[in-house]
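Notes for the one structure printed next.
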C-alpha cells in the first residue's frame, strides 16, 4: 500500500465528491443546531492549497488550507472509509502543515464540531491545543470546537517591573531564565520618581547577567535626557557581561515633569523625541562598530594593546548632540546589539521602529494594525515583532483541558491575530514564569541573542573589507 499526497485545486472533482460525502455524514449530527448556529460558507477565493490523498492510485481523502482573515485554517479534512485506519488523515495533516509553513503561517487553526469526538481525539493526539472560536466561528460555543497548532517556535519575552529592590528584579529574571524565556525587558523608573523608587535598568541588567545562563537582558533606557555615548557604552558593556545576551529597549521622555527633574532642557514634543531617538540609535551603532573585531592585538613584544588603525572616529553631529568617538569598549560578542522599540499608534514611533529596530513591541486593541504598518514601512528589513500578552487574562476554550494548555493556546491566538512573531508576557513574576515555561517548551541552543533571532553578526562598517550587512 502506497499513500501519495498531491496538490490540486478546490474544484477538483475528487475533492468536491469527498466534501459532498463529508456533508452527508456530518450535517445530520448538527441538524438540531442549525437554527441557532449560522452556516459558514467557504469562499473558493480564500483557498490557498487543496490536497488529495490516494492509496495505490485510488482517491481516499482530501484537505485544504484556507486564508481566514489573519488566520491560516485547515478546511475539510475527510478520509473515505476505504482509507481509514491506514494513516491517511495523519499524512494529509502533515502535508497541509508543511504547506502552511510555506505560506508563511506560524500558527495553524482548524474548526471541528462538538459531536465529532473522534476528530477531536485525532487533533489532540497530534499536538493541537483547544482554542477559543476564531474568525467566522467567534462566539459559537455550541457547535464549534476550535484548535491551534504552532508551526514555529515563538519568541517568548517578559516584562520585568521594578519594585525598588535589586533582589525583587533578580528573582523575577532568574525565574524567567529557568522557565525558558528568551528575553527579559527590564523596566526603568520614571526620571521624576512618580512611579516609585527604582534602580538603573542597565545596572540591574548587568547584575542579572551574573545570575542567569540563557535569557537575554534588555534594559529600558530613555534617551531624551541621557548622553548617547554613555548609553552606547553601557549597553555594549552589558553585552560583554552577558556573553552576547544583551539587547536595548529604546524609549523616550516627553513629559514636563521628567524634564524638570533633570533640569537640562525642556520637554520635547513626541515627534522630536523620536527623531532624536533615531539619531541616538544610529550613533550607538556607529560606536559599537568603531572598534574592528581584531583591533585588540595584545602584542607583548611591542607593548601594543590595540592597533590604532583599527579604531575609528564616528564624528556624529546632530541638532541635539555631537559625538566624536571611538567607543571606550571593544567590539562586543554580538557586534551590533539588538535594538527594541515599542511602536504605538503614532507615526513617529512606528517610523523609528520600522527603520531602526531589530525587535518591535506592540500592544493594545490596535496591535494588528501597528504590526501591519511596521512591516510595510520596514519592507524587507528583518525585524521580529512581539505582542503584549497578560497571562492572567487568558481566555479558555469551551473544551479546554488545563490552565497551562490554555495559556499556550491564548498566546498563539493573539500572535496569529496580530501577525506577531512572539509575545511579551506582562503579568506578575509568578504568572510570567509559569506562562514562559508553558509557551517556550524548548532548550536554548543559540550562543547569542542575535543568533536566536536569526540575525547575522555583521562586520564593522569601518572595516577595510566589510562584507554583508552592517546592522
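Numbering (our numbering), first residue to last: 904 to 1374. C-beta atoms are modelled at their ideal positions from N, C-alpha and C, and glycine is treated no differently.
query: Own chain partners of residue 1078 with C-beta closer than 7 Å, once the 5 adjacent residues on each side are dropped; result: 1332 and 1336
query: Separation of residue 1291 from residue 1055, as counted between CA atoms; result: 18 Å
query: Option nearest residue 982 by Cα separation, candidates 922, 1058, 1256 and 1175; result: 922
query: Nearest neighbour of residue 1016, chosen from 931, 1068 and 1002 [CA to CA]; result: 931
query: Rounded C-alpha distance that separates residue 1256 from residue 991; result: 46 Å
query: Own chain partners of residue 969 with C-beta closer than 6 Å, once the 5 adjacent residues on each side are dropped; result: 949, 950, 976 and 978
query: Bridge partners - residue 911, DSSP secondary structure assignment; result: 953
query: Alpha-carbon to alpha-carbon, residue 1263 and residue 1358; result: 14 Å
query: Neighbourhood of residue 1038 by C-beta distance below 6 Å, restricted to the same chain and skipping five residues each side; result: 971, 972 and 974
query: Boundaries of the alpha helix (DSSP H) in which residue 1273 is found, first to last residue; result: 1270–1281
query: Meets three-Cβ-pair contact criterion under 8 Å: the region 935–946 and the region 954–965; result: no
query: Pair within 8 Å by beta-carbon distance, residue 1010 and residue 1053; result: yes
query: Those residues which DSSP pairs with residue 1058 across a bridge; result: 1325
query: Element boundaries [beta strand (DSSP E), containing residue 1050]; result: 1047–1053
query: Extent of the continuous beta strand (DSSP E) run through residue 1143; result: Here residue 1143 belongs to no beta strand (DSSP E); instead the alpha helix (DSSP H) covers 1131–1144.
query: Under 8 Å between C-beta atoms of residue 1339 and residue 1082; result: yes
query: Given 8 Å, three or more beta-carbon pairs between the region 1058–1070 and the region 1089–1101; result: yes
query: Minimum C-alpha distance to residue 1152 - residue among 1241, 1348, 1085 and 1025; result: 1241
query: Spatial neighbours of residue 1136 in its chain, beta-carbon cut-off 7 Å, leaving aside the 5 residues before and after; result: 1230, 1231 and 1232
query: Closest by C-alpha distance to residue 1223, when choosing among 1168, 1266, 1213 and 1239; result: 1168
query: Range covered by the alpha helix (DSSP H) that runs through residue 1016; result: Unbroken run through residue 1016 is the beta strand (DSSP E), 1010–1016; no alpha helix (DSSP H).
query: N-terminal and C-terminal residue of the beta strand (DSSP E) that residue 1093 is part of; result: Segment: none, residue 1093 is in no beta strand (DSSP E) and carries neither H nor E.
query: Close-in-space but distant-in-sequence residues of the same chain around residue 947 (CB under 6 Å, 5 per side omitted); result: 913
query: CA-to-CA distance, residue 1090 to residue 1166, given in whole angstroms; result: 23 Å
query: CB of residue 999 within 8 Å of CB of residue 952, strictly; result: yes
query: Proximity test, residue 1257 beta-carbon vs the ligand ADP heavy atom, cut-off 7 Å; result: With respect to the ligand ADP, the structure shown offers nothing to examine, as it has no ligands at all.
query: The region 1258–1272 / the region 1180–1188 touching (three or more Cβ pairs under 8 Å); result: yes
query: Through-space distance from residue 1210 to residue 1366, alpha-carbon basis; result: 13 Å
query: Buried or exposed by the 16-neighbour rule on C-beta atoms within 10 Å, applied to residue 1040; result: buried
query: Burial state of residue 904 (16 or more Cβ within 10 Å); result: exposed
query: Residue 1333, DSSP secondary structure in three states; result: helix
query: Euclidean distance between Cα positions of residue 957 and residue 1144; result: 58 Å
query: Beta-carbon gap between residue 1073 and residue 1051 smaller than 8 Å; result: no
query: Pick from 1266, 1096 and 1206 that is closest to residue 1320, judged by C-alpha positions; result: 1266
query: Sub-8 Å separation of residue 1110 and residue 1122 beta-carbons; result: no
query: Whole beta strand (DSSP E) elements within the region 947–1005, 3-residue minimum; result: 950–958, 961–971 and 974–982
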